[in-house]
Structures are given as structure tokens and as C-alpha cells.
Amino acid sequence: MRRGALLALLAFGAFVAFSFLADPVASAKASKKSRKGKAKSAAVANFDTKLPVLGTRLSEFPAGPGKALADQACLNCHSADMVWQQHLTEKQWTANVTKMIGWGAEIPDAQKDALVAYLVANFGPENTKFAPVVSRPVGR
Amino acid sequence: MQDPASTDSRGGWSRRAFLAAAGATLLPAAAFAAVRKRASAPADPIGRDKRRMLQLNGYAIDAETPLDALTTYITPNDLFFVRHHWNPMYPSPRTWRLAVDGEVSSPLALTIADLRRLPKTTVTCVLQCAGNGRAFHKPTVPGVQWRYGAVGNARWTGVRVADILQRAGLKASARHLHTFGSDRPPGKVPAFNRSLEMEKALADAVVAYEMNGQTLPPLHGAPARLVVPGWAGDHWMKWLVRLSPQPEEQKGFYMDTAYRYPDKPGEPGVALQPSEMHPVTELFVKSNVTEAPASAKVGRIETIRGFAFSGAPDIARVEVTDNGGATWKEAWLDPQHDAWAWRLWSFRWTPPAAGKATLMARATDSRGTVQPKDAVWNQSGYLYNGWHSVGIEVTA
Chain E
1084 MRRGALLALL AFGAFVAFSF LADPVASAKA SKKSRKGKAK SAAVANFDTK LPVLGTRLSE
1144 FPAGPGKALA DQACLNCHSA DMVWQQHLTE KQWTANVTKM IGWGAEIPDA QKDALVAYLV
1204 ANFGPENTKF APVVSRPVGR
Chain D
88 MQDPASTDSR GGWSRRAFLA AAGATLLPAA AFAAVRKRAS APADPIGRDK RRMLQLNGYA
148 IDAETPLDAL TTYITPNDLF FVRHHWNPMY PSPRTWRLAV DGEVSSPLAL TIADLRRLPK
208 TTVTCVLQCA GNGRAFHKPT VPGVQWRYGA VGNARWTGVR VADILQRAGL KASARHLHTF
268 GSDRPPGKVP AFNRSLEMEK ALADAVVAYE MNGQTLPPLH GAPARLVVPG WAGDHWMKWL
328 VRLSPQPEEQ KGFYMDTAYR YPDKPGEPGV ALQPSEMHPV TELFVKSNVT EAPASAKVGR
388 IETIRGFAFS GAPDIARVEV TDNGGATWKE AWLDPQHDAW AWRLWSFRWT PPAAGKATLM
448 ARATDSRGTV QPKDAVWNQS GYLYNGWHSV GIEVTA
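Heads up: the protein sequence lines correspond to chains E and D, in order.
End of the first sequence = 1223 in this note's numbering, gap-free, step of one.
End of the second sequence = 483 in this note's numbering, gap-free, step of one.
This is the structure in C-alpha cells:
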């Protein structure tokens, strides 16, 4: 009886082992799955997933008279970040606003001085408010 | 010369690791273990906490690499700095063609498959944005305020421009290679059309479709971009769609006004006319410190590391001073090198006295040009290459 049970167990074991070996598709699938799982967990562990994806954190222009003007004039082409990182004199801001109007920035002539004043007040030579956004590696 | 043994942890195959692996092949089990270990090791030895980017602009995306992630000979694709002039229009790889016209006898329209059938070449070299370090120019200048990390070193695989133009039947009348990308500017912004001298294009330039062994990523100019070893990034046209050899230089804002550098250094803060400047071409000799301790103890050796590169094909020497440039000591140069690639370097420093120490590095290239203490101020803030200094608090 005992010997019979042992034989049956051995036979069952052999069957299981054989069926696994004989089914290359199933075993390939299983190993592919485990490889995929590994690759995925490696990618997750590669950097701090709490970091934002590049290009998803955008700064806003500071509140105050001139914010609406700046929104209208600048944001069609670039985020406000580009402006936050500048620290320019009135002369430099005037030159840049003139250049940007030439390039299609939507700002009525009558409001150009108001925009320059807003930019100088917030992003003048003493501006040190900008800090880059620490983001995830860029991926594809 | 400094002891190279301390560079083991920075990846690649160090001498010690190579000897260990060579010895291990005598023992199959050990060899298996070594292979397994290598296979399971991360693709680069940059730690998880260092794998991040510094986003300067949300759109169009501009992002630089933190210096402490620029510690490997090859900069991984996902940590390579990104620069856009405006939101790009990615070409479809299926419909993409590289047009070759102008001073050629038989114009071409190459598919990516055509390109891959042409003789393949790989160059390993530095790509640096012309404006890297703009934030350090004083008085301050407008533009993306790059600090240290708009630079990286990568393997670029593709086809030599010379091989492409030869197939198109390049005419002797061609003097400048005009290059065009697929991206289109918004509003009335001028197009980013460029040209470079035919001599440089034929000698060294490559149309690359792979970056570090992977298909070129869209953010880096897929399906193909220009690679101009030793020259600043403004020549490395992304999303390349047209090469047109011409007798004259390209015209337009990005040739005639932007990307120009003073013929003679002017007074800082005083803008020059475009006629007093010439196009930015070769990179300037430069070194940066990527690893240094914040604090140290008198007499206890610390290892300082960094990279150095130039528009000349190699770096001859990197030196470090801890006394404001009065005396310099030579750093150890890593043997890994390709023409116009960067050199990693390390320096074993013994803190001489308690207090705040300032270490500065300077590189000398293979033409003998020495990195200057101060960069030449220019109104657009190009090619900053002043000495990089780090502060270290030394205690007794």
C-alpha cells in the first residue's frame, strides 16, 4: 500500500514535470511574464517615483497688476518658468519685450510699458526667486 | 599623478574588476556568478537618489542634469539634458525622409531604412548647449539660465555626412552645409535654420539615428539628428529633415544675430554688433567638479572627481588648486577616451588646515589651451568656461 502510494506520487511528479517540459509555449510564457515583471519593477526602482514628470509642473506669473498682460503676451509660446529665471534691468526687459512683440507676442502698444514695469518689478536684477523643478529622468 | 584605484566604483570595467573577471573565467561557477552579477547590475552606476533632472522650463521643455549625476563616461539617455527652442513637431518615422538637395548632382530623399543601409559609424563625444553656464555670466544676460548640466557625453551611431553627400554627388561649389529640422516656430518667430562649414561637416559630422545603442529618443531629435563632434549644440540639428550644401552661409536670425561670439572680448555688460562677432563653433576647454565632500578632516585624504572636455579632440591635463591658483597639482585622468569625448578625472586631496577650503579645477586641452579663470562675458551668455570652484569645510 505504502509502496503503491509512493509509486503513484512518483508517477504524478514525473507527469507534472513532463507536461511542463513538453509545453514550451507555457513555460516560455511563464518566463517571459517573470522577466517582464522584473523589468517593470527595476524601472520603478530606478528613480524616485514621487518626482513629477518633466513638463508637468508649471509656474504661474505672480499676482498683481500686469499678470493678465503677461499671461496673454508670453504663455502662447513658453511657460512662465522662462520669465521667473530671468533677472534683467529695465533696459534688458524693454529690449526683450520689443523682440517678443516682433515675434508675435500679443500685447497692444499702449500696454507695453505696463508689461515692462511688471516684469522689472518681479524679475529685476535682484530676482533670486527661481528654482528648477526637480523632475524624473526624461524617459523617451 | 594620482592613484587610479579609487575610481572602481564609477562603473565601466575598471582595472581591478577586469582582473577579477579574467581570473574568474578559470572557475566556471565563479565565472557564472560574475556574468550573472554583471547582467543584473544597473546599466549605469548612478544612484537612484541622483537619477533626476532639473527642469528649467515646463514648455518648451528645457532640463539640465545635476552635476552629481554626470559621473560616468557615458551619460545615460534618460539623464541627458534636453533643450528645445519651442514645442517640437515630432516627425513620423514612417513618413520621415531626409532630403539632400542644393549643390549636388543627384538629390536624395532617404528613408530611415535607407539610412540604416549606408555604412554605419559610431562616435563618442560631448554635446554641450552653447548657453551652458549662462547663469554665471555677470552682468546677467537673458536666456535659459543654464548652470552646469546642459552637457553630456554619448555614443552616437549613424552615417557620416560625407558618405551621404558623396552618394548625392556633392559639387565643388558647396562651401556651407545648410541644415533644417522639422520643428516649426510659433507666431512670427524665425525658423531655426542653420549652416556649418563644409570642411567640418565632411570631416567629422554624422547623421545619428542611435544614442548610446538605443533608437534616438524623440526628445533628442528622432528619427535622426546631426552630430558635430567638438562643436556646440546649436550645430547639432534635431529632427533633421534636410541637408543642403550651398555656396553661401545660411541667413536668418539664428545665424546673423543669435549664436555669435565676440571677435575680441568687450567690456562686460556692453553689447556688441553682430559684425563684431562670429558664429559659435568649437567648444571651449572646460572642466567641472562632479563629486566633492561638503566637509573633511585635516590630513585625511578626500577624492575629488569631475570631467573635462574641449573643442580640441583631447584633454592633456586637469589641475586642482586649493590656494586660489597660486599652486596647482595634477589630477589623474581616466584612460577611457574618444576624440571630442570628455575625460573623467579624479584628484586625491589632503586637507592642509582647518577652515573653509576652496578647490578649483582647470583643464588644458591637447592644443595647449588652458581654461581661463574667468569666461569672456558676451551678451548672449555663450560658452561659459571659468574655473569651477567648490567649498569644503575642513575641521581639525
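Every residue, glycine too, gets a C-beta built ideally from N, C-alpha and C.
What you are looking at is a predicted structure, and each value in this text was computed from that prediction instead of being measured.
Inter-residue Cα distance where the pair is residue i and residue j
{"i": "D/Q301", "j": "E/A1193", "result": "52 Å"}
{"i": "D/F119", "j": "E/N1129", "result": "At D/F119 the pLDDT is 45, less than 50, meaning the model places this residue with poor confidence; the figure from the coordinates comes in the next sentence. Straight-line Cα distance between these residues: approximately 25 Å."}
{"i": "E/E1143", "j": "E/Q1155", "result": "12 Å"}
{"i": "D/P355", "j": "D/S193", "result": "49 Å"}
{"i": "D/V357", "j": "D/A383", "result": "42 Å"}
{"i": "E/M1183", "j": "D/Q466", "result": "17 Å"}
{"i": "D/V367", "j": "D/R387", "result": "44 Å"}
{"i": "E/V1216", "j": "D/D343", "result": "33 Å"}
{"i": "D/P352", "j": "D/D461", "result": "12 Å"}
{"i": "D/T162", "j": "E/G1149", "result": "42 Å"}
{"i": "D/W326", "j": "D/P305", "result": "8 Å"}
{"i": "E/A1163", "j": "E/F1206", "result": "11 Å"}
{"i": "E/N1159", "j": "E/A1188", "result": "8 Å"}
{"i": "D/I182", "j": "D/T198", "result": "According to the sequence provided, residue 182 of chain D is Thr. The question's Ile does not apply to it. Taking the straight line joining both Cα atoms gives about 8 Å."}
{"i": "D/K338", "j": "E/A1200", "result": "34 Å"}
{"i": "D/A116", "j": "D/L166", "result": "With a pLDDT of 46 at D/A116, under the threshold of 50, the modelled position of that residue is not reliable, and no figure is offered here."}
{"i": "D/L446", "j": "D/A222", "result": "20 Å"}
{"i": "D/P226", "j": "D/W464", "result": "8 Å"}
{"i": "D/T437", "j": "D/A381", "result": "14 Å"}
{"i": "D/P459", "j": "D/T209", "result": "32 Å"}
{"i": "D/E413", "j": "D/R392", "result": "Checking the sequence shown, residue 413 of chain D turns out to be Ala, not Glu. Rounded to the nearest angstrom, the two C-alpha atoms are 21 Å apart."}
{"i": "D/A72", "j": "E/P1191", "result": "It is not possible to answer for residue 72 of chain D, since the shown part of chain D is limited to 88 through 483."}
{"i": "D/W427", "j": "E/K1195", "result": "46 Å"}
{"i": "D/F279", "j": "D/R312", "result": "14 Å"}
{"i": "D/T159", "j": "D/L431", "result": "8 Å"}
Contacting residues, own chain, Cβ-Cβ under 7 Å from residue i (five flanking each side not counted)
{"i": "D/M364", "result": "R347, Y348, P349 and D350"}
{"i": "D/A150", "result": "M140, L141, Q142, L143, F168 and V169"}
{"i": "D/R125", "result": "Since pLDDT at D/R125 reaches only 44, below the 50 mark, its modelled position is unreliable, and no value is offered."}
{"i": "E/Q1168", "result": "F1213"}
{"i": "E/V1203", "result": "E1173 and W1176"}
{"i": "D/V228", "result": "R221, Q466, S467 and G468"}
{"i": "D/D155", "result": "K137, T377 and E378"}
Neighbourhood of residue i by C-beta, 6 Å cutoff - its chain only, sequence neighbours within 5 removed
{"i": "E/T1172", "result": "P1208"}
{"i": "E/R1219", "result": "F1130, L1134 and V1136"}
{"i": "D/L470", "result": "F371"}
{"i": "D/L157", "result": "T377"}
{"i": "E/N1210", "result": "H1170"}
{"i": "D/V457", "result": "T451"}
{"i": "D/E286", "result": "none"}
{"i": "D/A128", "result": "In this predicted model, D/A128 has a pLDDT of only 45, less than 50, meaning its place in the structure is not dependable enough to derive any value."}
{"i": "D/A309", "result": "L303"}
{"i": "D/A186", "result": "A196 and R329"}
Short Cβ contact (9 Å threshold) for residue i with residue j
{"i": "D/A241", "j": "D/N299", "result": "yes"}
{"i": "D/M324", "j": "D/R281", "result": "yes"}
{"i": "D/P316", "j": "D/C216", "result": "no"}
{"i": "D/F340", "j": "D/P273", "result": "no"}
{"i": "D/V293", "j": "D/W243", "result": "yes"}
{"i": "D/V376", "j": "D/H475", "result": "yes"}
{"i": "D/V238", "j": "D/T152", "result": "yes"}
{"i": "E/G1138", "j": "D/I148", "result": "yes"}
{"i": "D/G478", "j": "D/K443", "result": "yes"}
{"i": "D/Y177", "j": "E/H1161", "result": "no"}
{"i": "D/E369", "j": "D/W429", "result": "no"}
{"i": "D/S374", "j": "D/A345", "result": "no"}
{"i": "D/R184", "j": "D/V314", "result": "no"}
{"i": "E/L1198", "j": "E/L1141", "result": "no"}
{"i": "D/L214", "j": "D/G134", "result": "no"}
Nonlocal neighbours in the same chain, by C-beta distance under 8 Å from residue i, ignoring five residues either side
{"i": "D/S453", "result": "S397, A399, P400, D401, I402 and A403"}
{"i": "D/A441", "result": "V385, V481, T482 and A483"}
{"i": "D/N164", "result": "A241, M298, N299, Q301, P304 and H307"}
{"i": "E/V1221", "result": "L1137"}
Minimum Cβ-Cβ distance from residue i to chain B less than 9 Å
{"i": "E/P1215", "result": "The structure shown contains no chain B; its protein chains are E and D."}
*Determine contact between the stretch 406–426 of chain D and the stretch 244–263 of chain D, defined as no fewer than three beta-carbon pairs at a distance below 8 Å.*
no
### Task
Check whether the stretch 410–418 of chain D touches the stretch 317–337 of chain D, taking contact to mean three or more Cβ pairs, one atom from each stretch, closer than 8 Å.
no
Is the number of C-beta pairs between the stretch 171–187 of chain D and the stretch 229–237 of chain D that are closer than 8 Å three or more?
no
Meets three-Cβ-pair contact criterion under 8 Å: the stretch 199–214 of chain D and the stretch 266–281 of chain D: no
| Which full runs of the beta strand (DSSP E) of 3+ residues lie inside the stretch 291–357 of chain D, going along the chain? | 293–298, 312–314, 327–333 and 347–349
Enumerated in chain order, which unbroken segments of the beta strand (DSSP E) with a length of 3 residues or greater are wholly contained in the stretch 385–447 of chain D? For the stretch 385–447 of chain D, whole beta strand (DSSP E) runs of length 3 or above, ordered along the chain, are 389–396, 402–408 and 430–436.
**Q.** Uninterrupted alpha helix (DSSP H) stretches inside the stretch 177–233 of chain D (no shorter than 4 residues)
**A.** Counting only runs of at least 4 residues, the stretch 177–233 of chain D fully encloses the following alpha helix (DSSP H) elements, listed from N- to C-terminal order: 199–204.
Inside the stretch 1132–1190 of chain E only - alpha helix (DSSP H) runs reaching at least 4 residues | The stretch 1132–1190 of chain E contains these whole alpha helix (DSSP H) runs: 1150–1157, 1164–1167 and 1173–1185.
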